[in-house]
Structures are given as structure tokens and as C-alpha cells.
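Just so you know, the sequences run in chain order A and B.
Mapped onto this note's numbering, the consecutive letters of the first sequence carry residue numbers -14 to 190.
Mapped onto this note's numbering, the consecutive letters of the second sequence carry residue numbers -14 to 190.
2 protein chains.
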Amino acid sequence: MREREIVDAALRVFAQRGYHAAVVDEIADLAGISKPMVYLYLGSKENLFVACVRQAAEALVTAFRQAADSGDQPQLRLWRGLSAFFAFVAEHRDSWVILHRQTPEQSEAIAEELERARESVMAEVTDLVRRGIDEGGADARLGPADADFVASALVGAADSLTDWMERNPQETPERVALRLMNMIWVGMRDVLGGEMWSPPGDSVG
Amino acid sequence: MREREIVDAALRVFAQRGYHAAVVDEIADLAGISKPMVYLYLGSKENLFVACVRQAAEALVTAFRQAADSGDQPQLRLWRGLSAFFAFVAEHRDSWVILHRQTPEQSEAIAEELERARESVMAEVTDLVRRGIDEGGADARLGPADADFVASALVGAADSLTDWMERNPQETPERVALRLMNMIWVGMRDVLGGEMWSPPGDSVG
DNA sequence: CAGTAATCTTACTTTCCAGTAAGTCTACTT
DNA sequence: AAGTAGACTTACTGGAAAGTAAGATTACTG
Chain A
-14 MREREIVDAA LRVFAQRGYH AAVVDEIADL AGISKPMVYL YLGSKENLFV
36 ACVRQAAEAL VTAFRQAADS GDQPQLRLWR GLSAFFAFVA EHRDSWVILH
86 RQTPEQSEAI AEELERARES VMAEVTDLVR RGIDEGGADA RLGPADADFV
136 ASALVGAADS LTDWMERNPQ ETPERVALRL MNMIWVGMRD VLGGEMWSPP
186 GDSVG
Chain B
-14 MREREIVDAA LRVFAQRGYH AAVVDEIADL AGISKPMVYL YLGSKENLFV
36 ACVRQAAEAL VTAFRQAADS GDQPQLRLWR GLSAFFAFVA EHRDSWVILH
86 RQTPEQSEAI AEELERARES VMAEVTDLVR RGIDEGGADA RLGPADADFV
136 ASALVGAADS LTDWMERNPQ ETPERVALRL MNMIWVGMRD VLGGEMWSPP
186 GDSVG
């Protein structure tokens, strides 16, 4: 299907150059056609970008949800979800860059679509974390804002670690996910159990 | 000083629109002068951007280092460093956006300067983490790659949490830092002590 | 083979914007 | 008052790239 080929090419170019610096002629070349074909199929540069965002978000959410749905223990689901995430990014770096590393002030339509896409990703992760908190024997102190906090931190860490993974090519997605689990899960278990760190001589909290 | 005023205006516009979508005329307007003045003082759009990156990086590194240098225990230093970071971003959101959320393929000079700036930030954090690992009674399993890993995850999480902080305006930088500490430090302490999580029936590690 | 529909390209128009030439205004000096 | 230097602006040039008009090529149908 032509449209899919164009979007695939666009993903690469947009990810490498960013929305504005990307040139439609280059996308057309990469797709092996000429510029008017791009406009015939996708209408405008803006709409082409929106199509890229949609495709990237759908692919990522699907991969993540499949992995995170199976399994019984919360930490196992989280690990599988993270592994799927790192595997996805290793395989489709461009999609992740477009979803998560764009300056969003390009146009109303693009800002909206990016917002929607990021929210759908965050919703998956937040959901996973919330279930983990609930099943892990929630402390009364932990509310919805906490799940949101943990999910935010997790997604940010994972994003940053995609770069680390590129610098350490001997690491598999599973091992990166395991490292991250060890960095947070062991601690979260204790925090869920009521243990907290606080700065000495201070009563914040 | 005129140059400083221009760079301040540029920081805002570049952060909001991104390098390419930013228009020099708008920067000039915001600084209350006309475009040729910008070129008189800064030479070119590219060079103006580089000046923004330099200023942002220097300000952040200074704030972070000051905060993280004081104190004796590693976790206290880390908490103070993180607090300083969140305070800095709350105060100078634009600087952080420019340092950390640009598609870097704009030009050779810009890519280099961004690389340098990001590395200088990462170096501060990595150093702090490494000292934490060493003083925390390092396990033989933990090497330089681990400090790098933790630092990456930490910076990514912190970046993402700047958005969370905007959505939760009642939270102070100190409290956000404390939340993040609790998410990772308690766990890191156990991991440093040799405790690890691994997926059941699997011998990764 | 002639007609026609689908697919695609060349070559253009238009807009936008980085960078600049040339000149204006103000303030200060002699 | 006339000259001059510094700070600044208006109005332009040149080039890049989004979007399009008009036509070429191919393939299919009677």
C-alpha cells in the first residue's frame, strides 16, 4: 500500500530532522516517488505528520499492552511491559522519537494529535502502575497522583534509557528492563510497605 | 547588557517553537529591538542558538553543583541536587527545554554544542551517583556502566517529572525530589546490598 | 487500435524568512 | 552650528521549500 510506504519514509525523515527541518521532497525520494504523490495521498505536510503520530502510537500501545496483559504478578507484568517497550524502541526508534521528542508548537492539529498519543501511552503505563499499587497492598497514603508520578518517572527514565541502550549495544531489551526494575521495584516494594526516606532534621512529608 | 537581553528573548522563543520554527523577527520584537540588531550582536541565528545553549547549560550546572556539593551523605547530596534541579526547571523552564528537548540535527555547530552541554549535565549527575555507589559500600557487580545507567534513568525521570510538576502546581521542588528519592533510593540501597529482583524461572543476570 | 482512467512527473507559483544595504536619529564633541 | 560616532530601523535581496497546474506514461477496455 502506497500510503503506508509514504508514512514509513516520513517517520524516518521527521524523526531525524524534526517537523520543520524535514523536507517533503526528501520524504518522497525515500519513498521512491515524487512530491505530488505525497500530496495526493496525504493532503498536506501537517496531515502526513499526524498520520505518522497515529501509526507510531498505535504500534507502541499494541506492543506494550500485549506484553503487559499476560502474567499474574504486578511486577512481572511491569517487567514484561518494559521489555516490550525497549524492544519496540530498539526496533522502531523513529516512532518513539516522533511520539516523544517533538517540540509541540507546530500547529493546532499536530499539538492535539501528539497530546492524544502521549496520553494513550501514559494511560497504559499508569494503569499498570496503579494495579501494581493496589495489588501490592496499598498504603492509604498512596493515591492517584502517586500512580501518575511513578508512571511519569518511569516513562521518562525509559525514554532516556533508549539512548543508554544505543551506547551499550550488548544489552538486550530484557536486561535493560531488568536493570530498571531493580532500580525502582525493590524500592517501591519497601515504600509500599511504609518505609520512606526523608532528609535529616526535616519534617517534609 | 543588550546581548543578554537578546539571548533571554531567544531562549523563550526557541523553547516555545523549536529552532526552525522560531523566527528571528519575533525574537527581536520580544527583546524590543529590530532584527539587524540581533545580527549585529550575535552574528547568525545558529550562533544565537548556540549562545542560548551555553547560557542554559552554565546556569543549570552551576545551580546543581552548588546544591550537590554540600552535605556529607550521598543520599543527602543527591536529594539536594535533585531539589536544585527541579527548582531550576520551575524557574527556567525554557532553558531546560532547549538543553534537553531539541531534535539535534539542525547543524553541525548546534549538534556539537548540545552534545557538549548535555554531557556536562550528565557528568555532574553521574559523578554524584558514582560517589554514592562507592561510599554506599559498592558491590563488585556494580561498575561504571551502572552509574551511567542510573544517571541516565534519573535525568530522564527528572525531565519527565518537570511536566508532572506543571500539572501539580501545589508540589514544591523539594517535595518532588523527595518523591523521586523514595522511588529510587530505598531500592538502590537494597540493590547495593546485593538484593535483586529477577523474573521467575529465568536466569538472566 | 482508439478511448479512458489511473498513476505519476516536470516545472512552476507563492510564501516565508535569514541575512543585508543603506540610511536615520540621537548625543556628544569642538 | 557643523561634524562625527554609536545605536538603531526601514526596506530590500536571495534562496529554500510548501503546495499545484498541466501534462506524460502506463494499463486496461471495447
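Positions of the beta carbon are idealized from the N, C-alpha and C atoms, including for glycine.
Model, not experiment: these values are computed from the prediction.
A direct Cα-Cα distance of roughly 10 Å separates A102 (chain B) from L45 (chain B).
Think of a sphere of 7 Å around the beta carbon of N32 (chain A): no beta carbon from chain B falls inside it, the nearest being about 18 Å out. The three-state reading of DSSP puts S29 (chain B) in coil, since its state is none of H, G, I, E or B.
Between R50 (chain B) and G56 (chain B), the C-beta spacing is not below 8 Å.
For the segment 97 to 117 of chain B, the set of positions with a beta-carbon nearer than 9 Å to some beta-carbon of chain A is empty.
Within the segment -9 to 16 of chain B, the residues whose Cβ lies closer than 7 Å to any Cβ of chain A are, in chain order, Q1, R2, G3, H5, A6. With 16 or more other CB atoms across the displayed protein chains lying within 10 angstroms of its CB, P59 (chain B) is buried.
Secondary structure note for I118 (chain A): its alpha helix (DSSP H) is the uninterrupted segment 93 to 120. Taking the Cα of M166 (chain B) as reference, the smallest distance to any Cα among B:D14, B:P154, B:V140, B:P184 is reached at B:V140. At least one CB of chain A lies nearer than 8 Å to the CB of R164 (chain B).
In its chain, beyond the 5 residues on either side, S68, F71, A72, A75 have a beta carbon closer than 7 Å to the beta carbon of P158 (chain B).
The count of Cβ pairs closer than 8 Å, one atom from the segment -13 to 1 of chain A and one from the segment 28 to 36 of chain A, reaches three, so the stretches are in contact.
Following the DSSP letters along the chain, one finds V8 (chain B) in no alpha helix (DSSP H), marked with neither H nor E.
According to the DSSP assignment, S80 (chain A) belongs to the alpha helix (DSSP H) that extends over 78 to 85. Taking the Cα positions, A41 (chain A) is about 25 Å away from I83 (chain B). Taken through DSSP and simplified to helix, strand or coil, Y24 (chain B) comes out as helix.
Taking Y26 (chain B) as the centre and dropping the five residues before and after it, the same chain places the C-beta of R(-13), E(-12), I(-9) closer than 8 Å to its C-beta, in chain order. Contact with chain A is absent for F71 (chain B), since none of that chain's Cβ atoms lies less than 8 Å from the residue's Cβ.
Straight across, the Cα-Cα distance linking V110 (chain B) with D14 (chain A) is about 42 Å. Taking 8 Å as the CB threshold, L45 (chain A) stays off the interface with chain B. When C-alpha distances from C37 (chain A) are compared across A:F134, A:E156, A:A108, A:H77, the shortest belongs to A:H77. The residue among B:A162, B:A48, B:D79, B:R116 with its C-alpha nearest the C-alpha of Y4 (chain B) is B:D79.
By the Cβ neighbour-count rule, G17 (chain B) is exposed, with fewer than 16 other Cβ atoms within 10 Å of its own. Shown here, P185 (chain B) sits in coil according to DSSP, grouped into three states, outside any helix or strand. Within the segment 138 to 150 of chain B, contact with chain A at the beta-carbon level (separation under 8 Å) is assigned to A138, L139, V140, G141, A142, A143, D144, S145, L146, D148, W149.
Bounds of the alpha helix (DSSP H) holding E(-10) (chain B) are -13 to 2.
If you draw a straight line from the Cα of A138 (chain A) to the Cα of Q87 (chain B), it is about 20 Å long. For the segment 48 to 80 of chain B, the set of positions with a beta-carbon nearer than 7 Å to some beta-carbon of chain A reads Q60, L61, W64 in chain order. When Cβ-Cβ separations below 8 Å define contact, S29 (chain B) makes no contact with chain A.
Listed in chain order, the non-local C-beta contacts of E11 (chain A) below 7 Å within the same chain comprise V(-2), local neighbours out to five positions each way being set aside.
The three-state secondary structure of E43 (chain B), taken from DSSP, is helix. Within chain A, Q1, R2, G3, A6 have C-beta atoms less than 8 Å from the C-beta of E90 (chain B), given in sequence order. In this structure, R65 (chain A) keeps its C-beta atom at 8 Å or more from the C-beta atom of A48 (chain A). Using beta-carbon distances, P154 (chain B) does not count as an interface residue toward chain A, since no partner is under 8 Å. Listed by position along chain B, the residues whose Cβ is nearer than 8 Å to that of R86 (chain A) are R86, T88.
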